[in-house]
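Peer 1:
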Amino acid sequence: MKFRTIKLEVDEAVTTEYGTAINIRPPRQDKQLGDRGFQGILSTLTLRMSGVTTDMSTITARLTEDEDGDKVTMPDATCGLSRGLTTNDYTTSVYKYEVQFIDDYPINLFVKSDNSSATLKEVILQYRTSR
501 MKFRTIKLEV DEAVTTEYGT AINIRPPRQD KQLGDRGFQG ILSTLTLRMS
551 GVTTDMSTIT ARLTEDEDGD KVTMPDATCG LSRGLTTNDY TTSVYKYEVQ
601 FIDDYPINLF VKSDNSSATL KEVILQYRTS R
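Going by my numbering, the first residue of the sequence shown is number 501, and it counts up by one from there.
Next up, the structure:
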């Protein structure tokens, strides 16, 4: 098994409603996986945000095969926020999946908060492959 990471630097608003889809695609070195957009065992999804107010306590993530958010591949998962020790408005949320994932399409991420707004700065998807 090979462990792989897809890391995206983003600048997306997170509000109490799902916003624009964030496309997650395997990096070029993963093209040996074939024509599929993604193939492997999805392990974790890490989301890092800035500008998080004190009244925000959770965020919800949804993975879909389409950019409209209708064809859900991983259902809504809600996670708490771990705040930075020196920067209280910078948070990290980690989702644990461990699910076999084989798709002929890219993965689209949607995120929403339970209260107020913030800015999603980083998306890290970790997975394992057999090659």
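Where a beta carbon is used, it is the ideal one built from N, C-alpha and C, also for glycine. Everything numeric in this text was worked out from a predicted model, so none of it was measured.
From what residue to what residue does the beta strand (DSSP E) around Glu517 run?
Peer 2: The residue labelled residue 517 in the question sits at position 17 within the sequence shown. Glu517 -> no beta strand (DSSP E), and no H or E assigned at all.
Peer 1: Would you mind sorting Val514 into buried or exposed? The rule is 16 or more other CB atoms within 10 Å of its CB.
Peer 2: Sequence index remark: in the sequence shown, residue 514 carries index 14 (1-based). Burial call: buried.
Peer 1: If we ignore side chains and look at the alpha-carbon of each, how far apart do Met549 and Phe610 end up?
Peer 2: By 1-based counting over the sequence shown, the position of residue 549 is 49. By 1-based counting over the sequence shown, the position of residue 610 is 110. The straight-line gap from Cα to Cα measures roughly 14 Å.
Peer 1: Does DSSP classify Gly584 as helix, strand or coil?
Peer 2: Position 84 of the sequence shown, counted from the start, is the residue given in the question as residue 584. If DSSP states are grouped into helix, strand and coil, Gly584 belongs with coil.
Peer 1: Considering only C-alpha positions, which residue in the set Pro526, Thr554, Asn615, Val599 is nearest to Pro575?
Peer 2: Numbered from 1 along the sequence shown, position 75 holds the residue referred to as residue 575. When each option's Cα is compared against that of Pro575, the closest is Val599.
Peer 1: Would Leu547 and Ser593 qualify as a contact pair, given that the criterion is a beta-carbon distance under 7 Å?
Peer 2: The count along the sequence shown starts at 1 and reaches residue 547 at position 47. The count along the sequence shown starts at 1 and reaches residue 593 at position 93. In contact: Leu547 and Ser593 (Cβ atoms closer than 7 Å).
Peer 1: Can you grab the Cα-Cα spacing for the pair Glu509 / Leu545, in whole Å?
Peer 2: Position 9 of the sequence shown, counting from 1, holds the residue named residue 509. Position 45 of the sequence shown, counting from 1, holds the residue named residue 545. Spanning the two alpha carbons is a distance of roughly 14 Å.
Peer 1: Would you mind giving the Cβ-Cβ distance between Ile624 and Thr505, rounded to the nearest angstrom? I have them listed as a contact below 8 Å.
Peer 2: Along the sequence shown, read from residue 1 onward, the residue named residue 624 stands at position 124. Along the sequence shown, read from residue 1 onward, the residue named residue 505 stands at position 5. Indeed they touch by this definition, with Cβ atoms about 6 Å apart.
Peer 1: Can you name the start and end residues of the beta strand (DSSP E) that Thr564 belongs to?
Peer 2: Reading the sequence shown from its first residue, position 64 is the one you call residue 564. Segment 558-564, the beta strand (DSSP E) holding Thr564.
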